[in-house]
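What follows is the structure in C-alpha cells.
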C-alpha cells in the first residue's frame, strides 16, 4: 500500500499508510495526516484515490501547496514525488513492488544524469595508486611510531601534539585541567625535564587559578601549572629574567647553553638549578599575550667530560621551539575562549536572575499588599465587632495566601531538578479528578467543563502528580480565558495518537484565543497574560513536566476562536538517555 513519509518538519520520520480512498492533511484533529506545522491550515490538502492512481489536492490553503517545487492545485502523484506544505516536506512512497528502477530522482532526471551502474569499475577507470582506511587518520596521529618511513614518523610526531592539543581544547572547559594536559603533552613530545605554565595575573584571577605556592609568583605572572619528567630533582625553578625577556621582546627563545650565555649566565636561578637548555615561548591569543610556557633541560651524567664540564651536545633544536610556540598559541586561544564562555554564561545567569527577581518582587509585593489590606479589614472588624468585615478580611488573606503558595510551588517546580515517580496509572481517573476539582470554578464563571475520552481505561506509565498538576493548570487557564463569554465551554479530551505508543490529552476552550505575537513565548518563564493574578511560571513548569515524560506540549489558537493545548506522552515506560 502506498504511504506518505515525512522527510522534514516537526513530525519528521512519521509514516502514514494510505489505507482509505481519502486522507486529509492539516492541523485539525480529524485529519488522518495531522501535522504540528503552524504554517499550514487546519484542513490544508488531501490525498485521494482516483481511476488513474493517487492524486494530491489543495483545499484552498492560505500558504499553498508544492509538488517537486512547483505550485499545484490538483495533481497526479508519482512514486518519489516530494510534497511541501508549510515547512513540512512529505514523500509519496510507492508500493513495495514498485520500488526500484521506476522511482526516479526528479533532479537527476531533469539534468539527464544517470547514477553509475558499476561502481566496482572505479579502479579500472583511474590510476589508483593506493588506499587507506578512513579510521587511519586518528590512529596515526595518536600513535605516530607505527607509521612507515622516517619522514612520516617525524612529521606525525610533531603534528600529533598539535592534534592532541586541539582535541583537548575542544573537550576540556576547566582551564586548570586543560593547562595540565597541554603541559604534559609538550613535556613528553619535546623530551624536556621540567615545564611550567605562567599566566598573567589578570587572566589567572579571571580563571580563578591559584598560584602553585608563594614562591611561584613572578612579577605580573603566576605559575599555574608545572610538571616534571625527572622525579626527585627538588623544586622546579623558573628564570624571571628569561620570562621578562620573552615578554619584552615578544619572541620565543631557545637557550642552548644557559650557563655560558652572557645574557643569562649571571642569573642565580639558572646557576643554582644547573639548567643547560631552556625554551620559553609566549602564549599569544587573538587579543593579548595571556602568559608563557617555560621548559628546561638539565645535562645528564653521561654528557659530562672528565673535568665536569657539560659536553656541547643539545637536546632542544629550532624545530622544538617552533612546535612549542604553536602549542602555546593553541593554549592561549583555549584560555581566551574559556574565559569568554564563562563571562557569557555568568552574564546570562545574572540577566536571568535579574529578570526573575524583578518579576517575583513585583508579584510578591502585590501579594503582600493584599495580605496587608486583609489584615486592616480584620482589624476594623475586630474594633467595630462587625462579622461581615471579619469574613471579608479573612477571605482576602486566604486568597493571597493561596497565591503565595502557588507562586512558591511554581518556583520550586521550575527550578528544581525533579525525578518523576513513574507508575502505571489510568489516565481517565486523573482527568476525571481534574474535571471534578475544576467544576465549581467553572460554574462560578458561568462555564461548562466536559470530559471526553475514547475509552474508560487508558493505562500509561506516568508521574500521576506531575500530569495532574499540568492538566489542572491548563484547565484553570482555560476557565480564566472564558470569563467574558456568555457561554463558556472547556473540553478535556483524551484521544489516541496517530503515532503508535502515544496518547494525546487536549484541553480546549472557546475563549478569545491567543494573539499570534504571544504564541512563540507562551511557554517561556515569566510570560503571563493574567496581569497581577498569574505567576508567569505555570506553562513553563507544564512544559518541563511533559519533557520529563519524554513527551511534547504545544498550543493551537487563533484570535476569537479559542485555544487548544495538546499534550502527547508515551504510554510505555520511559526510555533512559
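Residue numbers (this note's numbering): 14 to 590.
Glycine included, each C-beta is placed from N, C-alpha and C at the ideal position.
Check: Excluding sequence positions up to five away, which residues of its chain have a Cβ less than 6 Å from the Cβ of residue 294?; Outcome: 265, 306, 337, 338, 341
Check: Could you give the first and the last residue of the continuous beta strand (DSSP E) run that contains residue 62?; Outcome: 58-63
Check: Near residue 179, what residues of its chain come up, given a Cβ to Cβ distance below 8 Å and the 5 sequence neighbours on each side ignored?; Outcome: 343
Check: Please state whether DSSP places residue 535 in a helix, a strand or coil.; Outcome: coil
Check: Would you kindly check if the distance between the Cβ of residue 487 and the Cβ of residue 11 is under 8 Å?; Outcome: Absent from the model: residue 11. The displayed extent of the chain is 14 to 590, so no value can be given.
Check: Can you tell me the Cα-Cα spacing of residue 188 and residue 242, whole angstroms?; Outcome: 22 Å
Check: Nearest by alpha-carbon distance to residue 236: which of 244, 258, 254, 213 is it?; Outcome: 213
Check: Comparing C-alpha positions only, which one of 59, 363, 93, 63 sits nearest to residue 86?; Outcome: 59
Check: Considering only residues of the same chain and omitting the five flanking positions on each side of residue 470, which have a CB-CB separation below 7 Å?; Outcome: 439, 441
Check: Smallest Cα separation from residue 508: which of 467, 473, 478?; Outcome: 467
Check: Output the distance between the C-alpha atoms of residue 309 and residue 210, rounded to the nearest integer angstrom.; Outcome: 12 Å
Check: For residue 393 and residue 404, what's the separation of their Cα atoms in angstroms?; Outcome: 11 Å
Check: Taking the alpha carbon of residue 432 as the point to measure from, which residue in 330, 479, 524, 359 has its own alpha carbon closest?; Outcome: 479
Check: Locate the beta strand (DSSP E) running through residue 485, then write down its first and last residues.; Outcome: That residue, residue 485, is in no beta strand (DSSP E); its alpha helix (DSSP H) goes 477-494.
Check: Taking its Cβ as the centre, do 16 or more other Cβ atoms sit within 10 Å of residue 496, making it buried, or is it exposed?; Outcome: exposed
Check: Expressed to the nearest angstrom, what Euclidean distance is found between the alpha-carbon atoms of residue 664 and residue 103?; Outcome: There is simply no residue 664 to check, as the chain begins at 14 and stops at 590 in what is shown.
Check: Helix, strand or coil for residue 469, going by three-state DSSP, please let me know.; Outcome: coil
Check: Can you look up residue 105 in the DSSP assignment and give me helix, strand or coil?; Outcome: strand
Check: Residue 421 to residue 367, Cα distance in whole Å?; Outcome: 18 Å
Check: Reducing DSSP to helix, strand and coil, say where residue 524 ends up.; Outcome: coil
Check: So, is residue 570 buried or exposed, given that buried needs 16 or more other C-beta atoms within 10 angstroms?; Outcome: buried
Check: Can you name, in chain order, every residue of its own chain whose Cβ lies under 6 Å from the Cβ of residue 561, other than the five neighbours on each side?; Outcome: 433
Check: Near residue 97, which residues of its chain fall below 6 Å by C-beta distance, leaving aside the five closest residues on each side in sequence?; Outcome: 79
Check: Classify residue 33 as helix, strand or coil using the three-state DSSP reduction.; Outcome: coil
Check: Just to check my reading of the structure: residue 68 and residue 88 have Cβ atoms closer than 8 Å, yes? What is that Cβ distance to the nearest angstrom?; Outcome: 7 Å
Check: Would residue 516 pass as a contact of residue 566 if the rule is Cβ separation under 8 Å?; Outcome: no
Check: So, is residue 48 buried or exposed, given that buried needs 16 or more other C-beta atoms within 10 angstroms?; Outcome: buried
Check: Inspect the beta-carbon positions of residue 506 and residue 576 and report whether they are closer than 8 Å.; Outcome: no
Check: Could you pull the DSSP bridge partners for residue 583 from this structure?; Outcome: 515
Check: Which residues mark the beginning and the end of the alpha helix (DSSP H) in which residue 195 is found?; Outcome: 188-203
Check: Taking DSSP as the reference, what is the three-state secondary structure of residue 87?; Outcome: strand
Check: Would you kindly check if the distance between the Cβ of residue 553 and the Cβ of residue 572 is under 8 Å?; Outcome: no
Check: My output table needs one value for residue 207: the three-state DSSP class, helix, strand or coil.; Outcome: strand
Check: Out of 380, 520, 43, point me to the one whose CA is closest to residue 491's CA.; Outcome: 520
Check: Are residue 66 and residue 31 closer than 8 Å when you measure CB to CB?; Outcome: no
Check: Short of 6 Å in beta carbon distance, which residues of its chain neighbour residue 475, apart from the five on each side in sequence? Order them along the chain.; Outcome: 438
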